[in-house]
Amino acid sequence: MKTFHYIVKGMVQHVGYRFYVGMRARKLEVSGKVRNLDNGDVEVFVQSDDFKKIDEMEKIIYKGSPFGHVDEVIRDIKDMEEMNDFQMVY
Numbered sequence: 224m225k226t227f228h229y230i231v232k233g234m235v236q237h238v239g240y241r242f243y244v245g246m247r248a249r250k251l252e253v254s255g256k257v258r259n260l261d262n263g264d265v266e267v268f269v270q271s272d273d274f275k276k277i278d279e280m281e282k283i284i285y286k287g288s289p290f291g292h293v294d295e296v297i298r299d300i301k302d303m304e305e306m307n308d309f310q311m312v313y
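When you line the sequence shown up against the working numbering, it's residues 224 to 313, in that order.
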């Protein structure tokens, strides 16, 4: 399935970013996951057949949580197996 993949740079760890993105993803009913990377970035995968939901998730990813800030987002598209829900990996 077409999967939107994001690497998010900035003050995005230890500020509730994963929780913020994860809760909004679940509310929008998109699939995927969000996790911290060892270098301080956050990685996000988003799947949905509804491109309006993908656009809304992109806005959320770029905005970030109220307690941090996003400096840069790198986006690409991958072909991955379908995910059934949205996971916040801790």
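Ideal Cβ positions, reconstructed from N, Cα and C, are used throughout, including at glycine. Bear in mind that the values here come from a model prediction, so they are computed numbers and not experimental data.
In whole angstroms, what is the alpha-carbon distance linking residue i and residue j?
i	j	result
T226	H292	24 Å
K286	N262	20 Å
Y229	V296	6 Å
I300	V269	10 Å
V238	M224	31 Å
V267	P289	18 Å
Residues bridged to residue i by DSSP?
i	result
V312	R258
Around the C-beta of residue i, are 16 or more other C-beta atoms found within 10 angstroms, so that it is buried, or is it exposed?
i	result
K250	exposed
Y313	exposed
Item to check | Touching by the beta-carbon criterion (3+ pairs, under 8 Å), the stretch 300-313 and the stretch 279-286 | outcome: no
Checklist entry - What alpha helix (DSSP H) runs, 4 residues minimum, are completely inside the stretch 245-292? => result 274-286
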